[in-house]
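**Q** Quick note on numbering: numbering that gives the first Met the number 0 labels position 269 of the sequence shown as 268, and the sequence is numbered without any gaps. Take a look at this one; I'll ask things after.
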Amino acid sequence: MSDTELHNKLESLCGTHENEVVEFKRTRVDLQEELGRYFSALSNEANLRKHSEAWLVLGIDDKTHHVVGTDFYQNSPMKLHGLKHSIAQNTTGSLTFIDIHEIFVHDKRVVMFRIPAARTGTPTGYKGHWYGRDGESLVALSQDKLERIQHQVKEDWSAGIVQDATIHDLSPEAIRFARKQYTQKNKHLASEIKQWDDVKFLDKAKLTVQGQITRAAITLLGNSESTHFLSPAVAQITWVLRSEKGIQKDYQHFFPPLLLAVDQIFAKIRNGKYRYMKAGTLFPEEVDRYDTYVIRELLHNCIAHQDYSQGGRINLVEKEEGELIYENVGDFLPGNDIKKVVLNDTPQSVYRNPFLATAMVNLNMIDTIESGIPKVFRVQKERFFPMPDYDLSDKKVKVILYGRMLDENYARLLAMQDDLSLREILALDMVQKKRRLPKNTITRLRKKHLIEGSVPNLFISKEVAQNIDKKAEYSKFKGFDEKYYQDLLLQAMKDHNQLSRPEIDRLLLEKLPDSLTEERKKTKIKNLLAKLRNGGIIVNTGSRTCPSWQLAFDSDCAKYSLDSLDK
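Here's what the structure looks like:
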């Protein structure tokens, strides 16, 4: 906006009473919390009142609307405009100020924050909370207002008509393949489908609307020259191959028709054989690193749920050690609890691009009868591989698919036990990945004798270890009783007369359980030495900083005293 336009806008704002979409402040605003809360409140109120924007104005008296001026960040223009970034880090959808303007009215400085209205169907939150206005007061957004925004009907980007596009902008090869997929999905209509021309087929498959080309049609079937019809949106999938050290070794970009691109990407993935020893046999099991259904299901999910309007691309990173990392732009619509989605095992009910999703169903790409995500988890369980990892932060969906075992026997054979629920398998999968578990989950696993150890060092239990041939690993995690370490230390002192602390560490550290960190192992040694010293069994003949430990008396007396100490 020009300086004249800003002065006119300020005059217009001051000519009205302060309301839910305008906030005046005399001098400044608290940067830590108040600014973000006002941003959330004004953004939500603008949406509800069908305004495209709201304003927060500093340097105006909120009662009289007289210009009083402000020195807010007056000498720090970089910091002032840096507020855009700090707000974006904490708001829903990284929403931030449209502009931050500085103007002078009668030599008095005024700062004007131009705030966008909340997006359709998505309330603007700040640090996980929603705010609104009640007259001139800043308050929590009421349940009524929250639901009014959430229930707004969002525009389906994929259903949009591309005015200048024709059927000639679609790939003939992609149309032929789409016919094949549609026929496979609707075998009872096979003879009838053959009689349809391309225009009728595309309408029947829900890719076009009365012959008009949609964005969904361009995305799935468009030829390579038709992508400009989608601009500024992007329909692109990028495959990247990385070495175990993270070095990029190869990459390729794939554009519409994405219906055909899926097979091309599949051909790039190094889906070699993975061999492991199956329990109870000397013969190796051999499987593909990645299940074909799972590879395609996750990629099709990216295509169906990508927020194309954000201008981002879908990424598929292949790591040579045996991982596929999928990433698409947009919130995870079922919510932030992936475990709930898996355990509920219900079909997907909400799609970001309903028109595109319907077309993908008709072309046999996704299924609305069986829920895809729970099936992906079940397939991984049946292959004895780790469960997929979901990262839903930063308004993206990132999925890590494992094509290898993290523990050759542990998770695989736990999954084979018939009495384990999927909930328990998910929890045990977190144990093998060294992830934190809720207290109630830990308690439940302990009651079933599936895990031992103390938080955060949980490990496989003795009973399960014996069943899956992990006895040695169990002992290394569990360790020995304290008397073992006492006897070992006293025998070493008898053999060598005296031991320094570094020598004691070398003696005991590798004997202590693997479930302990290095720091906790050293603390355990420190406590052991203190117990023996307090019991009069050993003495320090060195200094405090350089101790030298030895028996307080001969070994037989030490043995007797130690037995008394333990009692």
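Here a beta-carbon is modelled for each residue, glycine too, at the ideal position from N, C-alpha and C.
For T207, write down the residues that DSSP places opposite it in a beta bridge.
**A** According to DSSP, which records beta bridges pairwise, T207 is partnered with I212.
**Q** Nearest CA to the CA of R25: which residue from S11, A40, T237 and H65?
**A** Ranking S11, A40, T237 and H65 by Cα distance to R25 puts H65 first.
**Q** My output table needs one value for Y325: the three-state DSSP class, helix, strand or coil.
**A** Reduced to three states, the DSSP call for Y325 is strand.
**Q** May I have the straight-line CA-CA distance separating I524 from T440, to the nearest angstrom?
**A** Rounded to the nearest angstrom, the two C-alpha atoms are 31 Å apart.
**Q** For V396, tell me which candidate among Q305, D155, L169 and W195 has the shortest Cα-Cα distance.
**A** The candidate whose alpha carbon is nearest that of V396 is Q305.
**Q** Spell out a yes or no on whether the stretch 165-181 and the stretch 247-264 are touching, meaning 3 or more CB-CB pairs, one atom from each, closer than 8 Å.
**A** As far as the Cβ criterion goes, the stretch 165-181 touches the stretch 247-264, which means the pair count is three or higher.
**Q** Under a three-way DSSP split, which group does F254 fall into?
**A** The answer is coil: DSSP assigns F254 none of H, G, I, E or B.
**Q** Between which two residues does the beta strand (DSSP E) harbouring D497 extend?
**A** Residue identity check: residue 497 is Gln in the sequence provided, not Asp. It spans Q497 to S499 - the beta strand (DSSP E) in which Q497 sits, taken as one unbroken run.
**Q** Going by the beta-carbon positions, is the gap between S141 and L220 smaller than 7 Å?
**A** Cβ atoms of S141 and L220: not closer than 7 Å.
**Q** May I ask which residues mark the beginning and end of the alpha helix (DSSP H) holding P115?
**A** Segment K107 to P115 is the beta strand (DSSP E) holding P115; no alpha helix (DSSP H) there.
**Q** Does the distance from the C-beta atom of D155 to that of P353 stay below 7 Å?
**A** In contact: D155 and P353 (Cβ atoms closer than 7 Å).
**Q** With the cut-off set at 7 Å, would you say Y350 and A358 are in Cβ contact?
**A** It is not a contact, given that the beta carbons lie outside the stated cut-off.
**Q** Tell me whether Q235 is buried or exposed, calling it buried when 16 or more other Cβ atoms sit within 10 Å of its Cβ.
**A** When all chains shown are included, Q235 counts as buried.
**Q** How many angstroms separate the CA atom of L427 from the CA atom of Y273?
**A** Straight-line Cα distance between these residues: approximately 22 Å.
**Q** Below 6 Å CB to CB, which residues in the same chain sit around K205 once its five sequence neighbours on both sides are set aside?
**A** T357, A358 and N361, listed in sequence order.
**Q** For a test of your reading of the model: does the CB of A426 fall under 6 Å from any non-hydrogen atom of the ligand ZN? Yes or no.
**A** As for the ligand ZN, it is missing from this structure, which has no ligand bound.
**Q** How many whole angstroms separate the CB atoms of E319 and R241, which I take to be in contact at a CB cut-off of 8 Å?
**A** So it is a contact: roughly 7 Å between Cβ atoms.
**Q** Which residues bound the beta strand (DSSP E) around G127?
**A** That residue, G127, is in no beta strand (DSSP E); it is neither H nor E in DSSP.
**Q** Between the C-alpha atoms of T69 and K107, what's the straight-line distance to the nearest angstrom?
**A** Using only the alpha carbons, I get a separation of about 7 Å.
**Q** Sorted by chain position, which residues of the same chain lie with C-beta nearer than 6 Å to Q151's C-beta, five sequence neighbours on each side aside?
**A** For Q151, where only same-chain residues beyond five positions count, the Cβ hits under 6 Å are T119 and G120.
**Q** Look at the alpha carbon of A551 and the alpha carbon of L498, and state the distance between them as a whole number of angstroms.
**A** Answer to the nearest angstrom: the Cα atoms are 13 Å apart.
**Q** Alpha carbon to alpha carbon, how far is E381 from Q465? Give it in angstroms, no decimals.
**A** Caution applies to Q465, whose pLDDT of 49 falls short of 50 and renders its modelled position unreliable; the model cannot decide the point.
**Q** For Q88 and P122, which I take to be in contact (beta-carbon distance under 8 Å), what is that distance rounded to the nearest angstrom?
**A** Going by Cβ atoms, the distance from Q88 to P122 rounds to 18 Å, so no, they are not a contact pair.
**Q** Where does A158 sit, in a helix, a strand or coil, going by DSSP?
**A** Reduced to three states, the DSSP call for A158 is helix.
**Q** S136 to V21, Cα distance in whole Å?
**A** Their backbone Cα atoms lie some 12 Å apart in a straight line.
**Q** For W238, write down the residues that DSSP places opposite it in a beta bridge.
**A** Answer is Q251 and L315.
**Q** Are E99 and H80 closer than 7 Å when you measure CB to CB?
**A** Correcting the residue type first, residue 99 is Ile in the shown sequence and not Glu. Contact flag set, yes.
**Q** Whole angstroms is fine: what's the gap from E518's alpha carbon to T90's?
**A** C-alpha separation (whole angstroms): 39 Å.
**Q** Residue range of the alpha helix (DSSP H) that Y37 falls in?
**A** Unbroken alpha helix (DSSP H) run through Y37: E33 to L47.
**Q** Is V623 helix, strand or coil when you go by DSSP?
**A** Nothing in the structure corresponds to residue 623, since the chain is present only between 0 and 566.
**Q** Where A232 and A266 are concerned, what is the direct C-alpha to C-alpha distance, given to the nearest angstrom?
**A** Rounded to the nearest angstrom, the two C-alpha atoms are 26 Å apart.
**Q** Is the beta carbon of I372 less than 7 Å from the beta carbon of H299?
**A** Not a contact, by the Cβ cut-off of 7 Å.
**Q** State the beta-bridge partners of A53 as determined by DSSP.
**A** Partner(s): I114.
**Q** To the nearest angstrom, how far is the alpha carbon of S474 from that of S392?
**A** In this prediction, S474 has a pLDDT of 48, which is less than 50 and means its spatial position is unreliable; what the coordinates show is noted afterwards. So the two alpha carbons sit approximately 38 Å from each other.
**Q** Rounded to the nearest angstrom, how far is the Cβ of V398 from that of L511, given a contact under 8 Å?
**A** Rounded, the Cβ-Cβ distance is 38 Å, inconsistent with contact.
**Q** Does K469 pass the burial test, meaning 16 or more other C-beta atoms within 10 Å, or should it be called exposed?
**A** The predicted model places K469 with a pLDDT of 47, which falls under 50 and marks its position as unreliable; any figure quoted below should be read in that light. K469 comes out buried.
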